[in-house]
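Participant: Dropping a structure here in structure tokens format, bear with me for questions.
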Amino acid sequence: MEREDVNELILQKVDEIDDDQVRNFVEDVLRFERAELDKQQPHYKNDFGDYLQRYIDDWESKDHNN
Amino acid sequence: MGKQGPQQLMSRLEIRSLTLENYRQYAGENEIKLQTEGDKSVNVIQGENGAGKSNILNAITLCLYGKESHIDETKDNELESYPYVNRKVLDKVGDNETAEGRIEITLGEDEPEYIFSRSFKTVKLNGGGFSSTHSELQLKEKRGGDWKSVEHVSTRLNQILPVHVHQYFLFDGERLDEFFGEGYKERVRDGLLDVSHIELLENGIGHLRSFADDFEKELSDVGDAAERKRNRYEKAKEKVNNLEQDLEQTKTNIEETKDNIAEIDEKLQDSADPEVRKKQQRREYLTERLDDIRSDIEEVRKEASRELVKAGPPLYAVKSLEYTLSELRELSEQGKLPPKIQDTFIEELLEKGECICGEELTEDHREHLLSLQQEMSTVVENNLEGKMAIPGIQQDGQEDVEKLIEKRQKLAELEEKERQKNKELNEISEQLKAHDIPEDVDVQKQEKLRSEFEDQLEDLQEQKGKLEVRIEQAEEDRDDKKKAFNEEVSKEEKNAEVLKKIQFIESSQDELESMKDDIVSSVRKEIQTKMEEYFNEIIWKEEDYTVSLTDEYQVRVEGPRNDNKIGSLSAGERQVLAFSFLAALTSVSGFNAPLVIDTPLGRISSTPKRRLAQNLPQYIDDTQMTFLMTDEEYTDEVRVNMKPHVSNEYKLNFADEVTEVIPYE
Amino acid sequence: MSDQIYEETSPGRDYYIQEDKHELYKELQESEDSPFTEAELNEIFIFAVAYGSRKAGRTPIDGSGRALFNRGALNDQTLWLIRSIAVAEERTTDVLIDRKQVKEIAEEYANGGITEIHNKVFGPGDPLVELSDDVIELAQEQNSG
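Chains as they are written, first to last, in this note's numbering: chain A, 65 to 130; chain B, 85 to 749; chain C, 310 to 454.
Listed below in structure tokens is the structure:
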């Protein structure tokens with residue numbers, strides 16, 4: 065039996081994200097969360113930092129009004 | 085593990101065998117083979133309750149999750165004195181000595197793949213009591229032909245059948261109709277959230293928030309102004325956090341208070357006085373109905389609001405409309421039109437080619453008259469239109485008011501029903517408070533306590549509402565302060581990069597938030613669809629039912645005879661409904677795990693039992709189902725109807741404190 | 310018939326409200342206790358226009374105003390409601406040609422009306438009951454009168 069992956073429904077929704085960098089980042093984050101699901105305090109900051117580095121340079125922020 | 089397609093009938097995750105060694109009624113080693121073949125996806129284990137039938141379910145949950153899901157209300161209620169190890173085995177050990185046992189579950193699709201095992205021991209205490217403990221769950225997994233010990237057992241188990249989902253696969257059929265009793269909406273919501281994997285998103289959102297916070301701290305300031313703004317922002321953030329904590333605490337207190345009330349309800353149910361029991365039952369019925377009525381009231385208020393928004397304008401403007409209509413009609417009759425020149429008169433002038441004063445029309449004049457005429461035409465058309473449009477507005481207004489009146493009447497009826505039920509509830513409470521017949525349960529005291537808890541609950545819920553409003557305001561304030569701080573800080577160039585990262589993280593957070601909402605909504609709809617499908621397939625009636633699950637988690641069942649609220653379904657119908665819900669959950673959850681159901685046909689009377697037995701296996705054909713049934717359930721008729729689907733049949737023979745598991749025939 | 314002469318004017322496409330009253334509209338849309346939670350902003354506006362014409366008064370917009378929605382959101386029926394209010398205000402259909410003024414009259418009634426509605430909804434009492442009682446009474450008056 066294969067390793068559990070993120071629920072299909074969630075993956076579908078992720079695919080609908082327009083922004084490429086945000087989408088990839090979100091996918092990385094969710095895969096991380098799935099893998100660490102039953103850990104009480106997963107050490108996410110390092111991994112998140114890595115993911116962020118992959119995409120931030122190519123990202124252009126749209127004007128946020130909030 | 086995604087959902088298995090219909091083409092893979094053979095490959096379903098199954099319990100291949102269950103081994104009970106010295107567990108409760110099961111002395112020695114008992115291996116129960118449960119693997120199924122093809123269409124025959126069902127196992128039946130028949131026995132009476134004292135014979136250890138429910139303990140088979142308990143064994144599975146004890147092994148996998150360290151907890152027994154169904155505690156028999158036997159004489160030995162204290163867990164300490166209800167030992168894990170079989171009594172007969174315990175007889176053979178001396179004081180302060182231990183006896184051991186274990187439970188082993190082998191899972192796999194076409195072949196054994198996982199062996200979960202957990203051992204336990206019971207110490208026989210001096211003076212006759214017992215103390216039981218169990219050890220950690222162990223797992224061996226077959227990889228490449230070899231059996232290997234798995235280190236992170238719970239992670240692995242969570243991938244197959246997570247803790248919070250297991251209650252939908254391994255459950256007690258008799259409690260099913262309780263499922264849709266009071267407080268069902270929370271249970272429905274929890275089930276829905278469980279199978280939506282929402283916690284994944286929630287964890288992600290939480291982590292991203294704190295990840296962004298770290299970056300915020302990195303922002304270097306541009307002097308006092310920025311520092312001040314940072315302080316204000318930090319304070320505003322803290323305020324939000326504190327309020328959220330208060331809210332969590334309040335919610336916990338609410339749950340605790342509800343539990344306290346439930347505890348008292350149970351005590352009252354156990355009263356020796358039949359009058360007391362009757363009143364308590366009536367109270368529970370009324371509370372459920374009240375729940376439904378309140379949801380209805382909300383719905384009707386929404387409908388009435390819609391009508392009000394439509395009917396309001398034409399009615400508040402009624403005089404203006406009347407006046408304008410009469411003016412337009414008058415003008416029309418008089419052949420007069422605003423602003424004071426008649427269209428026909430212009431026509432004449434144009435034809436004649438001369439102006440009023442008699443002079444010839446120049447090009448300019450002509451153009452001017454033509455444009456006047458065009459404009460007049462528009463105004464004529466408009467005014468004609470008004471003459472027709474206005475009666476339409478008035479008419480629609482009247483119709484909308486009629487609908488509004490209807491809704492208000494319905495609202496009044498519902499509110500009256502609510503009042504009646506509340507009145508009766510109060511009466512019951514007063515009667516119970518006045519109850520002074522001495523018995524086991526101090527009814528008077530319990531009822532007074534219960535009243536206090538009810539009052540507390542009301543206060544807490546009001547508090548919760550207020551906190552929610554304050555949190556919204558505090559969040560707005562925090563966002564304003566954040567914006568001000570960011571503006572100040574972005575003046576410094578090196579902050580630009582950090583701000584960009586924060587923005588990126590926040591955009592991702594926003595995406596997760598909106599995904600969460602979307603998913604909960606689509607899962608709810610899917611569960612609704614499946615629930616309706618299953619309910620109609622299993623239910624023994626000829627008519628078609630509509631089952632709906634609202635976004636407030638209310639469940640409605642409507643047949644052709646109209647509104648069937650949950651409260652008015654029979655016990656058997658509620659059981660089927662609960663079953664449909666659980667089956668819908670398991671189907672949507674994407675977990676293709678085996679079902680084990682204790683007393684699946686419990687509350688259902690004989691005729692429907694047959695159809696249920698017939699239909700159950702068919703619609704969950706890609707899942708192994710193990711039924712633990714009593715003699716009353718597993719009648720000859722049921723047996724015959726199930727036969728085409730059954731792979732293994734066992735009987736439990738209980739004698740002299742030991743149960744033997746014997747294959748049928 | 311009035312003596313006033315109306316000039317033909319073109320109104321802008323947008324309908325304006327007073328800047329600081331935008332909050333009122335939002336609150337009416339977002340608050341759980343409000344009967345307007347499912348209404349669009351233009352629907353609340355129209356309600357305010359009619360309500361204002363009956364219960365408040367014309368309140369000129371203070372400041373430059375803020376666009377709430379544009380003409381495209383309104384259908385013919387709603388436009389005629391607005392026009393009728395202007396006609397009744399000026400006591401003549403002549404005003405119809407001055408489309409700018411027609412819009413202004415509506416905006417000013419809405420300006421007064423929205424404050425009253427907000428007070429009603431967020432004040433004591435059940436706004437759904439009070440407002441619908443109001444409307445039902447008006448309908449009954451009309452039928453008997």
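Backbone N, C-alpha and C fix where the C-beta goes; we use that ideal spot for every residue, glycine too.
Counting only the same chain and skipping the five closest in sequence on each side, list residues whose C-beta sits under 7 Å from that of Val745/B.
Facilitator: Cβ within range, chain order: Asn114, Ile116, Tyr734, Leu736.
Participant: Identify each residue in the segment 546-570 of chain B for which the Cβ-Cβ distance to at least one residue of chain C is less than 8 Å, and report them in chain order.
Facilitator: none
Participant: I need the DSSP call for Trp389/C, collapsed to helix, strand or coil.
Facilitator: Here DSSP, grouped into helix, strand and coil, assigns Trp389/C to helix.
Participant: Name the chain A residues whose beta carbon is nearer than 7 Å to that of Ile603/B?
Facilitator: Within chain A, the residues near Ile603/B are Leu73, Ile74, Lys77.
Participant: So Phe588/B is in the alpha helix (DSSP H); what residue range does that whole segment cover?
Facilitator: First-last of the alpha helix (DSSP H) with Phe588/B: 578-622.
Participant: Comparing the C-beta of Leu592/B with each C-beta of chain A, is any distance below 8 Å?
Facilitator: In the sequence under discussion, the amino acid at residue 592/B is Ser, which differs from the Leu named in the question. So, interface residue.
Participant: When the distance is taken between beta carbons, is Tyr629/B closer than 8 Å to Ile767/B?
Facilitator: In the structure displayed, chain B extends from 85 to 749; residue 767/B sits before or after that span and is not available.
Participant: Would you give the residue range spanned by the alpha helix (DSSP H) that Glu235/B belongs to?
Facilitator: Careful: Glu235/B lies outside any alpha helix (DSSP H) and carries neither H nor E.
Participant: Smallest Cα separation from Tyr324/C: which of Ile391/C, Gly434/C, Thr424/C, Thr401/C?
Facilitator: The residue with the shortest Cα to Cα distance from Tyr324/C is Ile391/C.
Participant: Using a C-beta to C-beta distance shorter than 9 Å, which residues of chain A count as neighbours of His753/B?
Facilitator: As displayed, chain B neither begins before 85 nor continues past 749, which places residue 753/B out of reach and without an answer.
Participant: Under 8 Å: do the segment 130-143 of chain B and the segment 208-227 of chain B share three or more Cβ pairs, one atom per stretch?
Facilitator: no
Participant: Check whether the segment 347-355 of chain C touches the segment 437-448 of chain C, counting contact only when three or more Cβ pairs, one atom from each stretch, lie closer than 8 Å.
Facilitator: no
Participant: Would you list, in chain order, the members of the segment 431-451 of chain C that have their beta-carbon closer than 7 Å to a beta-carbon of chain B?
Facilitator: Leu437, Leu440, Ser441, Val444, Ile445, Leu447, Ala448, Gln451
Participant: For Pro398/B, decide whether its Cβ has a neighbour in chain C, counting only Cβ atoms nearer than 8 Å.
Facilitator: yes
Participant: If we ignore side chains and look at the alpha-carbon of each, how far apart do Asn170/B and Gln638/B end up?
Facilitator: 45 Å
Participant: Taking the beta strand (DSSP E) that Asp682/B falls in, what are its first and last residues?
Facilitator: For Asp682/B, the enclosing beta strand (DSSP E) stretches over residues 679-682.
Participant: Between which two residues does the beta strand (DSSP E) carrying Asp256/B extend?
Facilitator: 254-256
Participant: Looking only at its own chain, which residues have a Cβ that is under 8 Å from the Cβ of Ile345/B, when we skip the five neighbours before and after it?
Facilitator: Arg534, Phe537, Glu538, Leu541
Participant: Return the first residue and the last residue of the alpha helix (DSSP H) that Phe537/B is part of.
Facilitator: 527-573
Participant: Does the CB of Glu91/A have a neighbour CB from chain B at under 8 Å?
Facilitator: no
Participant: Alpha carbons only, please: which of Gln243/B, Glu286/B, Glu193/B, Lys208/B is nearest the one belonging to Val93/A?
Facilitator: Glu286/B
Participant: Out of Glu197/B, Phe214/B, Tyr252/B, Glu451/B, point me to the one whose CA is closest to Asp230/B's CA.
Facilitator: Glu197/B
Participant: Report yes or no: do the segment 568-582 of chain B and the segment 99-108 of chain A share at least 3 C-beta pairs separated by less than 8 Å?
Facilitator: no
Participant: Using three-state DSSP, classify Gly212/B as helix, strand or coil.
Facilitator: coil
Participant: Using beta carbons (cut-off 8 Å, strictly below), is Ile370/C in contact with chain B?
Facilitator: no
Participant: Do Ile394/C and Tyr334/C come within 8 Å of each other at the CB atom, strictly closer than that value?
Facilitator: no
Participant: Classify Ala388/B: buried if its beta carbon has 16 or more other beta carbons within 10 angstroms, exposed otherwise.
Facilitator: Classification for Ala388/B: buried.
Participant: Using the three-state DSSP reduction, which class does Ala310/B fall into: helix, strand or coil?
Facilitator: helix
Participant: Quick one, which of Val249/B, Leu260/B, Leu191/B, Glu318/B has its alpha-carbon nearest Gly558/B's?
Facilitator: Before going on, a small fix: residue 558/B reads as Ala here, not Gly. Closest by alpha carbon: Glu318/B.
Participant: With 9 Å as the C-beta to C-beta threshold (strictly closer), list the residues of the segment 81-110 of chain A near chain B in chain order.
Facilitator: Ile81, Asp83, Gln85, Val86, Arg87, Phe89, Val90, Val93, Leu94, Phe96, Glu97, Arg98, Ala99, Glu100, Leu101, Asp102, Lys103, Pro106, Tyr108, Lys109
Participant: Compute the Euclidean distance between the alpha carbons of Ala401/B and Leu337/C, then round it to the nearest angstrom.
Facilitator: 21 Å
Participant: How would you write the range of the beta strand (DSSP E) that Glu184/B sits in, first residue to last?
Facilitator: 182-192
Participant: As a quick exercise: from Leu633/B, Glu617/B, Thr634/B, Gln528/B, pick the residue whose alpha carbon is nearest that of Glu627/B.
Facilitator: Of the candidates Leu633/B, Glu617/B, Thr634/B, Gln528/B, the residue whose Cα lies closest to the Cα of Glu627/B is Glu617/B.
Participant: Which partner residues does Lys224/B have in the DSSP bridge list?
Facilitator: The partner list for Lys224/B (beta bridge, DSSP) reads Ile199/B, Ser233/B.
Participant: Considering just the uninterrupted stretch of the alpha helix (DSSP H) at Val444/C, what are its terminal residues?
Facilitator: 436-453
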